[in-house]
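**Student:**
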Amino acid sequence: MARFIGRERELSRLERLLGRVATGGRAGRPGRAVLVRGRRGVGKSRLLEEFVRRADVPYVFHTAVRGTEAEQVAGLLAEGAASTLPGARILAERSAGSWEDALRLLAVAVPQESASVVVLDGLPVLLATAPELEGVLQVLFARELSRRPVLLVLAGSDLETMEAVNRPGRPFYMRATELVVHPLTPVDVADATGLPAAEAVDARLVSGGLPLICREWPPGLPVREQLRRALSDPVSPLVVTGERVLAAEAPPDTQARTVLNAVGAGHRTHSAIGRAVPGVPRASLNRALQSLVERRLVTAAAPLSTRPSRETRYHVTDAHLRFWLAFVGPGLAEIGRDRGDLALARLLRSWDAWREAAVKPLVRESLRRMGGLPGGTGAIGGYWTRTDDPEIDVVGTDLEPVGRTVTLLGSVVWREDRPFGRGDLDALIVRRSRMPGATPGTPLLAVSRSGSATAEVTLVTPEDLVASWRPGPP
Numbered sequence: 001m002a003r004f005i006g007r008e009r010e011l012s013r014l015e016r017l018l019g020r021v022a023t024g025g026r027a028g029r030p031g032r033a034v035l036v037r038g039r040r041g042v043g044k045s046r047l048l049e050e051f052v053r054r055a056d057v058p059y060v061f062h063t064a065v066r067g068t069e070a071e072q073v074a075g076l077l078a079e080g081a082a083s084t085l086p087g088a089r090i091l092a093e094r095s096a097g098s099w100e101d102a103l104r105l106l107a108v109a110v111p112q113e114s115a116s117v118v119v120l121d122g123l124p125v126l127l128a129t130a131p132e133l134e135g136v137l138q139v140l141f142a143r144e145l146s147r148r149p150v151l152l153v154l155a156g157s158d159l160e161t162m163e164a165v166n167r168p169g170r171p172f173y174m175r176a177t178e179l180v181v182h183p184l185t186p187v188d189v190a191d192a193t194g195l196p197a198a199e200a201v202d203a204r205l206v207s208g209g210l211p212l213i214c215r216e217w218p219p220g221l222p223v224r225e226q227l228r229r230a231l232s233d234p235v236s237p238l239v240v241t242g243e244r245v246l247a248a249e250a251p252p253d254t255q256a257r258t259v260l261n262a263v264g265a266g267h268r269t270h271s272a273i274g275r276a277v278p279g280v281p282r283a284s285l286n287r288a289l290q291s292l293v294e295r296r297l298v299t300a301a302a303p304l305s306t307r308p309s310r311e312t313r314y315h316v317t318d319a320h321l322r323f324w325l326a327f328v329g330p331g332l333a334e335i336g337r338d339r340g341d342l343a344l345a346r347l348l349r350s351w352d353a354w355r356e357a358a359v360k361p362l363v364r365e366s367l368r369r370m371g372g373l374p375g376g377t378g379a380i381g382g383y384w385t386r387t388d389d390p391e392i393d394v395v396g397t398d399l400e401p402v403g404r405t406v407t408l409l410g411s412v413v414w415r416e417d418r419p420f421g422r423g424d425l426d427a428l429i430v431r432r433s434r435m436p437g438a439t440p441g442t443p444l445l446a447v448s449r450s451g452s453a454t455a456e457v458t459l460v461t462p463e464d465l466v467a468s469w470r471p472g473p474p
């Protein structure tokens with residue numbers, strides 16, 4: 001089995017839940033449920049496999065496949081019959097005509113006095129075939145499984161469906177704990193690739209923290225060399241993952257995909273996106289953007305300052321999909337005919353500019369986790385106007401979405417050939433003078449890949465960014 005990367009926080013949460021199951025918890029109801037969700041490819045199934053391996057308790061792991069309800073129920077019983085459950089023989093000898101029958105048999109097959117785990121991986125697939133399963137799970141968990149020392153794990157990649165399961169008014173509402181599996185962090189990527197901090201941040205932008213891409217990365221291989229290697233292989237994870245994500249998560253209508261391609265190409269404002277897709281009417285453009293935001297494929301961000309603003313900017317939410325749409329998708333035909341070198345050459349011509357824009361969301365996310373920021377900083381974002389005069393990479397305020405005070409301003413300079421310099425500082429000072437809520441005393445910081453040539457700003461290095469993701473004490 002491939003090396004397991006990171007996920008200590010998620011494993012710890014699952015282990016604590018299983019510990020509560022084992023010790024009994026609520027009188028007469030030791031069983032617990034957890035809803036595990038995360039984008040396709042973030043490693044949910046691999047996480048759960050590692051969890052049950054480490055837990056060393058009886059378990060059944062059912063991976064959903066598309067088919068009829070009868071086929072899916074039979075699949076669960078077959079996996080249960082081959083599992084380590086003490087009642088596996090019961091599942092082998094019986095048949096079930098419905099999910100209710102299957103779950104009742106499962107309640108008999110699990111240990112009655114010691115802990116076990118039941119994993120249903122791909123819950124949205126099962127619900128698409130049998131919508132009534134949601135209510136069946138609620139009834140059978142309340143009446144049967146919660147009375148056994150079993151941890152019921154319900155996992156899925158369709159974020160909208162998984163979130164809906166735990167909404168008010170739905171049968172399973174408040175029955176389960178939620179666990180969100182995010183992409184690997186920059187520190188995980190650094191550990192997986194063996195790269196120094198600056199290169200590890202670049203690798204995070206390319207891979208999006210997807211474990212399959214990180215596992216294929218030869219230890220210590222620089223980012224440009226890995227790009228050359230991956231783009232020469234039409235079936236490398238770097239090439240195929242984006243297409244699979246789009247096939248599973250993108251809206252079915254072609255207009256939404258056209259709009260997503262425009263956002264992925266770097267068009268950030270509503271008007272710029274509209275100009276990039278002249279064949280899409282304004283009303284259709286609005287619907288497409290709303291759909292993409294609801295599906296978490298696109299993020300709509302507002303500027304952060306002491307004044308409200310409606311100057312929304314859009315960017316692709318997932319880091320790897322952002323990279324894929326910009327460089328890999330447009331080069332698929334070339335890569336498919338073994339001319340990945342052409343796609344690579346086009347990528348390298350735009351790499352520096354794309355990377356400096358792509359790193360900014362990650363920088364802001366890292367700063368939110370970082371200690372040592374000016375007192376009163378409660379929110380981190382960016383600031384811009386319709387004319388981008390000024391546009392400020394990093395803004396700290398006391399509150400969001402509209403702050404009362406501006407606590408810091410910063411510039412992101414992610415270049416390899418020179419440090420943050422005097423010219424960068426002068427430009428940042430000018431932007432500070434035009435920033436609502438800022439004063440001449442507002443602290444300045446520079447997030448720089450290559451250090452700083454001036455001591456008049458607080459420097460944030462790649463090492464600082466990566467370190468902000470290291471787990472703290474529990």
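FYI, full-length UniProt numbering numbers position 176 of the sequence shown as 176, with every residue one higher than the one before it. All C-beta atoms in this analysis are idealised placements derived from N, C-alpha and C, irrespective of residue type, glycine included. Bear in mind the structure is a predicted one, so any value in this text is a computation, not a measurement.
What separation, rounded to the nearest whole angstrom, lies between the Cα atoms of L212 and P440?
**Tutor:** Straight-line Cα distance between these residues: approximately 47 Å.
**Student:** Compare the C-alpha of T397 against each of D426, D352 and S305 and name the closest.
**Tutor:** Selected option, being the one with the closest Cα: S305.
**Student:** Grab the span of the beta strand (DSSP E) containing D393 for me, first residue to last.
**Tutor:** Residues I392 to T397.
**Student:** Hey, how far is the Cα of P196 from the Cα of V359?
**Tutor:** Near 16 Å, if we compare the C-alpha coordinates of V359 and P196.
**Student:** If you draw a straight line from the C-alpha of E15 to the C-alpha of E294, how long is it?
**Tutor:** Taking the straight line from one Cα to the other gives about 32 Å.
**Student:** Please state if the CB of L205 and the CB of F323 are separated by a distance shorter than 8 Å.
**Tutor:** In contact: F323 and L205 (Cβ atoms closer than 8 Å).
**Student:** Please state the DSSP three-state secondary structure of R449.
**Tutor:** Coil, per DSSP.
**Student:** Could you check if A33 is buried or exposed, using at least 16 other CB atoms within 10 Å of its CB as the buried criterion?
**Tutor:** Answer is buried; the Cβ neighbour count reaches 16.
**Student:** Is F172 helix, strand or coil when you go by DSSP?
**Tutor:** Three-state result, F172: coil.
**Student:** Can you tell me which of the three DSSP states R29 falls into?
**Tutor:** The answer is strand: DSSP assigns R29 an E or B state.
**Student:** Quick one, which of E10, D389 and G75 has its alpha-carbon nearest V181's?
**Tutor:** Ranking E10, D389 and G75 by Cα distance to V181 puts E10 first.
**Student:** In terms of residue numbering, what span does the beta strand (DSSP E) encompassing A301 cover?
**Tutor:** Looking at the DSSP string, the run of the beta strand (DSSP E) that includes A301 is V298 to A301.
**Student:** Taking 7 Å as the limit between beta carbons, can you name the residues of its chain near V189, skipping five residues before and five after?
**Tutor:** Here the set comprises A200, A203, R204, S207, G209 and C214.
**Student:** Could you tell me whether the stretch 375-388 touches the stretch 418-427, where touching means 3 or more Cβ pairs closer than 8 Å?
**Tutor:** Counting Cβ pairs under 8 Å, fewer than three are found: no touch.
**Student:** In the DSSP assignment, the beta strand (DSSP E) including D101 goes from what residue to what residue?
**Tutor:** No beta strand (DSSP E) holds D101; the alpha helix (DSSP H) holding it covers W99 to A109.
**Student:** Can the beta-carbon of V406 be found less than 8 Å from the beta-carbon of A446?
**Tutor:** No, they are not a contact pair.
**Student:** Going straight from the alpha carbon of L260 to that of V316, what length do you get?
**Tutor:** Cα to Cα, the separation comes out at about 8 Å.
**Student:** For a test of the three-state rule: what should DSSP assign to T63, helix, strand or coil?
**Tutor:** Strand.
**Student:** Would you give the residue range spanned by the beta strand (DSSP E) that H315 belongs to?
**Tutor:** R313 to V316 is the extent of the beta strand (DSSP E) around H315.
**Student:** According to DSSP, is I5 helix, strand or coil?
**Tutor:** DSSP places I5 in coil when its eight states are reduced to three.
**Student:** Could you tell me if R7 is buried or exposed, where buried requires 16 or more neighbouring beta carbons within 10 angstroms of its beta carbon?
**Tutor:** Classification for R7: buried.
**Student:** Please name the residue in L348, E134 and L154 whose C-alpha comes closest to that of G169.
**Tutor:** Residue E134 is the option with its Cα nearest to G169.
**Student:** Residue ranges of each beta strand (DSSP E) run of no fewer than 3 residues wholly in the stretch 154-224, ordered along the chain?
**Tutor:** You should have 177-180.
**Student:** In whole angstroms, what is the alpha-carbon distance linking T23 and P222?
**Tutor:** Taking the straight line from one Cα to the other gives about 48 Å.
**Student:** Considering only residues of the same chain and omitting the five flanking positions on each side of R89, which have a CB-CB separation below 7 Å?
**Tutor:** Correct list: empty, nothing qualifies.
**Student:** For V363, which of G382, G437 and D352 has the nearest alpha-carbon?
**Tutor:** Among G382, G437 and D352, the Cα nearest to that of V363 is on G382.
**Student:** Pick from L332, L227, A155 and A96: whose alpha carbon is nearest that of V240?
**Tutor:** For V240, the nearest C-alpha among the options comes from L332.
**Student:** Measure from the alpha carbon of R349 to the alpha carbon of each residue in E49, R224, A467 and M174, then state which is nearest.
**Tutor:** The shortest C-alpha separation from R349 is found at R224.
**Student:** Contact between the stretch 72-92 and the stretch 102-115: three or more CB pairs below 8 Å?
**Tutor:** Segments in contact, yes.
**Student:** Whole beta strand (DSSP E) runs in the stretch 106-147 with 3 or more residues, listed along the chain?
**Tutor:** Correct list: 116-121.
**Student:** Nearest by alpha-carbon distance to T68: which of E49, L126, D426 and L289 is it?
**Tutor:** When only C-alpha atoms are compared, the closest one is L126.
**Student:** Determine the direct distance from the alpha carbon of R404 to that of P374, and round the result to whole angstroms.
**Tutor:** Those two C-alpha atoms are separated by around 15 Å.
**Student:** Count the other CB atoms, across all protein chains shown, that sit within 10 Å of the CB of E243; report buried if there are 16 or more and exposed otherwise.
**Tutor:** With fewer than 16 Cβ atoms within 10 Å of its Cβ, E243 is classed as exposed.
**Student:** Note down the Cα distance separating S271 from E463, rounded to an integer number of angstroms.
**Tutor:** Cα to Cα, S271 sits roughly 37 Å from E463.
**Student:** Excluding the 5 residues flanking A81 on each side, which residues of the same chain have their C-beta closer than 7 Å to its C-beta?
**Tutor:** A88, L91 and A92.
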